[in-house]
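Everything on this sheet refers to the single structure shown next.
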Amino acid sequence: MYVCVCHAVTEDVVREHMAAGACTAKEVRAACGMRPGCGSCVNRICAMLRDTPAEPEEAVDAAA
Ligand code: FES
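Quick note on numbering: numbering that gives the first Met the number 0 labels position 62 of the sequence shown as 61, and the sequence is numbered without any gaps.
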């Protein structure tokens, strides 16, 4: 499914960039190569960021 119709960017591509560290809509858009367009994808990207659980924190070594 397309997240950004103007630039033909799919959910899979957005998720790849989120997994690589993009954590704001601006970062996701830049990483995906989205140039300025209608902007209607921003809300969809924000929703994906909001609905994606954060990376689990590394286990803390209690013995340290
Ligand atoms: S849908 Fe992304 S800029 Fe239009």
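Glycine residues also receive a C-beta, built at the ideal position from the N, C-alpha and C atoms.
In terms of residues, what are the limits of the alpha helix (DSSP H) holding residue i?
i   : result
V12 : 10-18
A24 : 24-30
For residue i, which of helix, strand or coil comes out of DSSP?
i   : result
V2  : strand
R34 : coil
A58 : With a pLDDT of 49 at A58, under the threshold of 50, the predicted position of this residue should be treated as unreliable, though the coordinate-derived value follows. In the structure shown, A58 sits in coil (DSSP, three-state: anything other than H, G, I, E or B).
A46 : helix
So, under 8 Å CB-CB, residue i and residue j are touching, yes? Tell me the CB distance rounded to an integer number of Å.
i   : j   : result
R49 : V2  : No, R49 and V2 are not in contact; Cβ-Cβ is about 14 Å, not under 8 Å.
G36 : H6  : 6 Å
A18 : A30 : Not confirmed; about 11 Å, so no contact.
Could you tell me if the beta carbon of residue i falls within a distance shorter than 8 Å of some heavy atom in ligand 1?
i   : result
P35 : yes
V12 : no
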